[in-house]
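Q:
Number of protein chains: 2
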Amino acid sequence: MPDVDVIILGGGPGGYIAAERLSQAGKSVLVVEKESLGGTCLNVGCIPTKALLHCVKEFDQIAHAARFGVRADTIAYDWSAMQAWKDKTVATLVGGVTGMLKRAGVRVVTGAGRLVSPDTVTVGDQTFRASDVIIATGSVPAIPPIPGVAGNPAVVDSTGLLSVAQVPQRLAIIGGGVIGVEFASIFSRLGTEVTILEMMDEVLPFMDQDMAARLRSALPDVAVTLGARVLSVEGSTVVYVRDGVTERLEADLVLMAVGRKPLVDGWGGAEIGLEHTSKGVVVDDQMRTNLPHVWAVGDVTGRSLLAHAAYRMGEIAAALIIDPTSAARGQVMRWDAIPWAVYAVPEAAGVGLTQAECERRGIEVTSVEAPLALSGRYVAEHGLDRSGTVKLIAETESQVVRGLQIVGPYAPETIWGAALAIEMEVTVSDLRQLIFPHPTVSEGIREAAWAMKTQ
Amino acid sequence: MPDVDVIILGGGPGGYIAAERLSQAGKSVLVVEKESLGGTCLNVGCIPTKALLHCVKEFDQIAHAARFGVRADTIAYDWSAMQAWKDKTVATLVGGVTGMLKRAGVRVVTGAGRLVSPDTVTVGDQTFRASDVIIATGSVPAIPPIPGVAGNPAVVDSTGLLSVAQVPQRLAIIGGGVIGVEFASIFSRLGTEVTILEMMDEVLPFMDQDMAARLRSALPDVAVTLGARVLSVEGSTVVYVRDGVTERLEADLVLMAVGRKPLVDGWGGAEIGLEHTSKGVVVDDQMRTNLPHVWAVGDVTGRSLLAHAAYRMGEIAAALIIDPTSAARGQVMRWDAIPWAVYAVPEAAGVGLTQAECERRGIEVTSVEAPLALSGRYVAEHGLDRSGTVKLIAETESQVVRGLQIVGPYAPETIWGAALAIEMEVTVSDLRQLIFPHPTVSEGIREAAWAMKTQ
Numbered sequence: 012m013p014d015v016d017v018i019i020l021g022g023g024p025g026g027y028i029a030a031e032r033l034s035q036a037g038k039s040v041l042v043v044e045k046e047s048l049g050g051t052c053l054n055v056g057c058i059p060t061k062a063l064l065h066c067v068k069e070f071d072q073i074a075h076a077a078r079f080g081v082r083a084d085t086i087a088y089d090w091s092a093m094q095a096w097k098d099k100t101v102a103t104l105v106g107g108v109t110g111m112l113k114r115a116g117v118r119v120v121t122g123a124g125r126l127v128s129p130d131t132v133t134v135g136d137q138t139f140r141a142s143d144v145i146i147a148t149g150s151v152p153a154i155p156p157i158p159g160v161a162g163n164p165a166v167v168d169s170t171g172l173l174s175v176a177q178v179p180q181r182l183a184i185i186g187g188g189v190i191g192v193e194f195a196s197i198f199s200r201l202g203t204e205v206t207i208l209e210m211m212d213e214v215l216p217f218m219d220q221d222m223a224a225r226l227r228s229a230l231p232d233v234a235v236t237l238g239a240r241v242l243s244v245e246g247s248t249v250v251y252v253r254d255g256v257t258e259r260l261e262a263d264l265v266l267m268a269v270g271r272k273p274l275v276d277g278w279g280g281a282e283i284g285l286e287h288t289s290k291g292v293v294v295d296d297q298m299r300t301n302l303p304h305v306w307a308v309g310d311v312t313g314r315s316l317l318a319h320a321a322y323r324m325g326e327i328a329a330a331l332i333i334d335p336t337s338a339a340r341g342q343v344m345r346w347d348a349i350p351w352a353v354y355a356v357p358e359a360a361g362v363g364l365t366q367a368e369c370e371r372r373g374i375e376v377t378s379v380e381a382p383l384a385l386s387g388r389y390v391a392e393h394g395l396d397r398s399g400t401v402k403l404i405a406e407t408e409s410q411v412v413r414g415l416q417i418v419g420p421y422a423p424e425t426i427w428g429a430a431l432a433i434e435m436e437v438t439v440s441d442l443r444q445l446i447f448p449h450p451t452v453s454e455g456i457r458e459a460a461w462a463m464k465t466q
Numbered sequence: 012m013p014d015v016d017v018i019i020l021g022g023g024p025g026g027y028i029a030a031e032r033l034s035q036a037g038k039s040v041l042v043v044e045k046e047s048l049g050g051t052c053l054n055v056g057c058i059p060t061k062a063l064l065h066c067v068k069e070f071d072q073i074a075h076a077a078r079f080g081v082r083a084d085t086i087a088y089d090w091s092a093m094q095a096w097k098d099k100t101v102a103t104l105v106g107g108v109t110g111m112l113k114r115a116g117v118r119v120v121t122g123a124g125r126l127v128s129p130d131t132v133t134v135g136d137q138t139f140r141a142s143d144v145i146i147a148t149g150s151v152p153a154i155p156p157i158p159g160v161a162g163n164p165a166v167v168d169s170t171g172l173l174s175v176a177q178v179p180q181r182l183a184i185i186g187g188g189v190i191g192v193e194f195a196s197i198f199s200r201l202g203t204e205v206t207i208l209e210m211m212d213e214v215l216p217f218m219d220q221d222m223a224a225r226l227r228s229a230l231p232d233v234a235v236t237l238g239a240r241v242l243s244v245e246g247s248t249v250v251y252v253r254d255g256v257t258e259r260l261e262a263d264l265v266l267m268a269v270g271r272k273p274l275v276d277g278w279g280g281a282e283i284g285l286e287h288t289s290k291g292v293v294v295d296d297q298m299r300t301n302l303p304h305v306w307a308v309g310d311v312t313g314r315s316l317l318a319h320a321a322y323r324m325g326e327i328a329a330a331l332i333i334d335p336t337s338a339a340r341g342q343v344m345r346w347d348a349i350p351w352a353v354y355a356v357p358e359a360a361g362v363g364l365t366q367a368e369c370e371r372r373g374i375e376v377t378s379v380e381a382p383l384a385l386s387g388r389y390v391a392e393h394g395l396d397r398s399g400t401v402k403l404i405a406e407t408e409s410q411v412v413r414g415l416q417i418v419g420p421y422a423p424e425t426i427w428g429a430a431l432a433i434e435m436e437v438t439v440s441d442l443r444q445l446i447f448p449h450p451t452v453s454e455g456i457r458e459a460a461w462a463m464k465t466q
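Keeping their order, the protein sequence lines are chains A and P. Residue 12 is where the first sequence starts when you use this note's numbering, and the numbers rise one by one after that. Residue 12 is where the second sequence starts when you use this note's numbering, and the numbers rise one by one after that.
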């Protein structure tokens, strides 16, 4: 006889949303969380970075407000006050998740959970049985075996950098993914000399290279070295090789930001035969693992390491536990309509397939770029001197929209409409006929639709 | 034999977009503009207000940046520098429209055009004939016959206030529509004592009253007096009656912002039998007037006084002139999917039907509000102390989304997705399954979809 209907291993975005949806449907739910509710995103990921980035953007705006008729003297930032705002934001939102679960009647057990059989989880000396188990153990920063990294106090991961006591004078960032680019934006705006070392030939591999290059070039005061393979870290100096030449980058602090890896070990799954690889626990498009009534959602699946993808995975697992026939109502993960956002300076966002991915899949597409400087609001807020752009990708014959990428202000807030467009399979003609409010930067999407060559 | 394919009377948003679309399709086009290309929106409407508002928001942010760890001394604004930014923005964008028409090969004639017959327009002593004529003469500020207004130097309309030499100490605004609320936001942030006098029992009549009340309450440092009927203006004192009691509001400047009226007179239409009322030139849903080959678009129709509605009307007229059979491909004005935006502090936007309008039409709907404080980005940027909200309106039985209104940051940039949702007739269930990027304020829309009671 189970103690609860569902046990969820991990209280991050995938876990807590699943808990909320399940309990709203009358299921009894137990969440096991070893650290803090909210997971990586809320405690050491998207939320604290956005809180800090907001502080930094305020500082940056003030430093450049003269052209808008605003004068101020002795402009300075207070890192500890920025940290306090960040901590307050995190505390508020962790409190929100805690309260939500409490109101929903979800039991939360703090400790390291262990899956000892498909229906049994232990936490210390407690044992719980459930009809269904959802694995939502998340991910951890990947630390490659580079000599001089382990145990080096001058090397931090994103969690460490978030609460660094002092703003470094020189920051070396190993890895030009979203973490590297966002931290580069934060610290460069505070006067830190920032250099990103990226092994590949462009940053942000989920973007088309032309758009990633636009964003990279627009990052103010950030040096980016592409094709740089790091050999070792000596103190706070990074040794790397580029075009066959060994170079040294001197810094005061080194951020290791080569990515995150799913947490597939240490909680029992491997020991009881849960199918997994180093890339994550293997799931189908409805979050089923190879073990009956064991589901996996979020980063641990390795399918997408984004909080909002985890939300949706959690909802799908919950929907299928609540009603196994709900599959018929479309409860399936649609991997090609997961938007992404980069909260850099400038911002960027996108959804759907890149042009490169379309080509790999043999989908014949046409693409077009429209400069945001065609938007009245963009000009009213930025003049003509920024490189904002919209790239629209549509199937050549059917004109169905397959992808959209934006570099420019408001992109993360604008992009959900493009996710809807892709889900609803709208055409370029539909987008042309749609009325966008004026004046907005989002009108750039409409401009792109009109700029696209149609047959 | 016509001189050109199409003559367009008026170079505002409706006119210049029609000119661009027509010329791209190979039509010869002549635009007659009596003042400046770009029309009200670009010269004395949306664009200059947004440029000023951006300046003012920068100032306001700096004044409240301490909690974000930003310190500055002797913060001051420079009105003439703000005016310069505004003027530069307008000049840039007017230059953009001018260049676009030139590149498109559109001929522009400056002067007051007159429609002397359905296919003939005169400008001074020049006469032009065309196969089709598009009327896009726009609108002018409505000045009600209130004693003491005409000729009073203390009374300005929006055009006058935009370039006022000095920021007034006390500003009385007659009319709580979008113009009144936006100017209230601009001047209150600069320290002006602002009072809005609104005759109706709520501001912003295109919003549901509950949402308009939220926005009104959130306007910082703006006094709003509802149910105030203005009797007269004496110098810079406004005399009004409220609940049967006569009151006097002393100010230094009075903004008359009771709305705008379509410019149906003075350009010949009335004289040649073009059907019109005081509310505008009568058009069908494809912009046809009662005269063959005479079309009307934009404010002059009185159907919507929004620049982006004018764009779409101009496009529809152009599409039907280019290809009269294009009606079959959906070239028809969809009045219920025109978004609106209020660029106040805070911002607001919406699209579709209000709940009140649904009730008037006998459409049974369910609505729900979701506080934006559920959004991690909102909290990271504002804490919990603002009153941001999303209101979602859907048909009770079918769950088809009929309306969405947002009070809060980024609303004007977020709302286009809701316009698409309404055009595509998506359901609440579709919205729940859509993946929104995290953390964004736009996630409030998803929260609303999940908060809605479904049957």
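All residues carry an ideal CB built from backbone N, CA and C; glycine is no exception.
Using 8 Å as the threshold, is the region 187-200 of chain A in touch with the region 342-355 of chain A, meaning 3 or more CB pairs across them?
A: These segments touch.
Q: In terms of DSSP beta bridges, what is residue 307 (chain P) paired with?
A: According to DSSP, which records beta bridges pairwise, residue 307 (chain P) is partnered with P:146.
Q: Going by alpha carbons, who is nearest to residue 148 (chain A) out of A:307, A:459 and A:452?
A: Ranking the options by Cα distance to residue 148 (chain A), first place goes to A:307.
Q: Return the Cβ separation of residue 438 (chain P) and residue 416 (chain P) in integer angstroms, given the expectation that the two are a contact with Cβ distance under 8 Å.
A: Not really, about 18 Å apart at Cβ, beyond 8 Å.
Q: Cβ of residue 410 (chain A) less than 8 Å from any chain P Cβ?
A: Chain P contact via Cβ: absent.
Q: For the region 63-85 of chain P, enumerate the residues whose C-beta is nearer than 7 Å to any C-beta of chain A, in chain order.
A: Cβ contacts with chain A come from 65, 66, 69, 70, 72, 73, 76, 78, 79, 80, 81, 82, 83, 84 and 85.
Q: Are the Cβ atoms of residue 17 (chain A) and residue 40 (chain A) separated by less than 8 Å?
A: Yes, the pair counts as a contact, with Cβ atoms nearer than the cut-off.
Q: Cβ atoms of residue 418 (chain A) and residue 398 (chain A): under 8 Å apart, would you say?
A: Contact: yes.
Q: Are the region 285-292 of chain P and the region 163-181 of chain P in contact at 8 Å, needing three or more beta carbon pairs?
A: The region 285-292 of chain P, when compared against the region 163-181 of chain P, does not touch it at the 8 Å Cβ threshold.
Q: For residue 424 (chain P), does the count of other Cβ atoms within 10 angstroms reach 16, so buried, or fall short, so exposed?
A: Looking at its Cβ environment, which holds 16 or more other Cβ atoms inside 10 Å, residue 424 (chain P) is buried.
Q: I need the boundaries of the alpha helix (DSSP H) containing residue 372 (chain P), first residue and last residue.
A: Note, residue 372 (chain P): alpha helix (DSSP H), 366-372.
Q: Taking DSSP's pairing of strands, which residues face residue 378 (chain P) in a bridge?
A: DSSP output for residue 378 (chain P) lists P:404 as bridge partner(s).
Q: The alpha helix (DSSP H) that contains residue 83 (chain A), what's its start and end?
A: It is not in any alpha helix (DSSP H) - residue 83 (chain A) instead sits in the beta strand (DSSP E) that spans 81-88.
Q: Could you tell me which chain P residues have their CB closer than 9 Å to the CB of residue 331 (chain A), listed as they occur along the chain?
A: The premise fails here: residue 331 (chain A) is roughly 13 Å from chain P at the closest Cβ pair, so nothing lies under 9 Å.
Q: Within this structure, are the beta carbons of residue 320 (chain A) and residue 298 (chain A) separated by less than 8 Å?
A: For residue 320 (chain A) and residue 298 (chain A), no; Cβs fall outside 8 Å.
Q: Looking at C-beta atoms only, is the number of pairs between the region 80-97 of chain P and the region 80-92 of chain A that lie closer than 8 Å three or more?
A: Verdict: yes, contact present.
Q: Counting only the same chain and skipping the five closest in sequence on each side, list residues whose C-beta sits under 6 Å from that of residue 133 (chain A).
A: The answer, listed in chain order, is 125 and 127.
Q: Between residue 34 (chain P) and chain A, is any beta-carbon pair separated by less than 8 Å?
A: Closer than 8 Å: no.
Q: Could you give the residue range of the alpha helix (DSSP H) that holds residue 59 (chain A)?
A: Start and end: 57-74.
Q: In the DSSP assignment, find the unbroken alpha helix (DSSP H) run with residue 200 (chain A) in it and report its ends.
A: Per DSSP, residue 200 (chain A) belongs to the alpha helix (DSSP H) from 189-200.
Q: Per DSSP, which one or two residues make a beta bridge with residue 325 (chain A)?
A: Looking at the DSSP assignment, residue 325 (chain A) forms no beta bridge with any residue, so it has no partner.
Q: So does the region 27-34 of chain P actually touch the region 109-123 of chain P, counting three or more Cβ pairs closer than 8 Å?
A: With the cut-off at 8 Å, the region 27-34 of chain P and the region 109-123 of chain P touch.
Q: Using Cβ-Cβ distances below 7 Å, what residues of the region 93-111 of chain P are close to chain A?
A: Residues passing the 7 Å Cβ filter: 93, 96, 100, 103 and 104.
Q: Quick one: give me the first and last residue of the alpha helix (DSSP H) that residue 170 (chain P) is part of.
A: Run containing residue 170 (chain P): 169-173, per the alpha helix (DSSP H) assignment.
Q: Is there a Cβ from chain A that is less than 8 Å from the Cβ of residue 352 (chain P)?
A: Yes, contact with chain A.
Q: Is residue 363 (chain P) helix, strand or coil when you go by DSSP?
A: Correct three-state label for residue 363 (chain P): strand.
Q: Got a sec: is the Cβ-Cβ distance from residue 90 (chain P) to anything in chain A below 8 Å?
A: Output row for residue 90 (chain P): interface = yes.
Q: In the DSSP assignment, find the unbroken beta strand (DSSP E) run with residue 390 (chain P) in it and report its ends.
A: Here residue 390 (chain P) belongs to no beta strand (DSSP E); instead the alpha helix (DSSP H) covers 387-393.
Q: Give me the chain A residues within the contact set of residue 453 (chain P), using Cβ-Cβ distance strictly less than 7 Å, ordered along the chain.
A: Within chain A, the residues near residue 453 (chain P) are 424 and 427.
Q: Residue 130 (chain A) to residue 14 (chain A), Cα distance in whole Å?
A: Whole-angstrom Cα-Cα distance: 10 Å.
Q: Just the C-alpha distance for residue 269 (chain A) and residue 326 (chain P), rounded to the nearest angstrom, thanks.
A: Straight-line Cα distance between these residues: approximately 48 Å.
Q: In the DSSP output, what is residue 154 (chain A) paired with across the bridge?
A: The partner list for residue 154 (chain A) (beta bridge, DSSP) is empty, contrary to what the question assumes.
Q: So, residue 345 (chain A) versus residue 434 (chain A), is the Cβ gap smaller than 8 Å?
A: Contact flag set, yes.
Q: Mind pulling the chain P residues with CB within less than 7 Å of residue 434 (chain A)?
A: Those are 445, listed as they occur along chain P.
Q: Under the three-state reduction of DSSP, which class applies to residue 27 (chain P): helix, strand or coil?
A: Note: residue 27 (chain P) maps to helix in three-state DSSP.
Q: Let me check understanding here. Comparing Cα to Cα, which of P:366, P:227 and P:48 lies closest to residue 123 (chain P)?
A: Measuring from the Cα of residue 123 (chain P), the nearest candidate turns out to be P:48.
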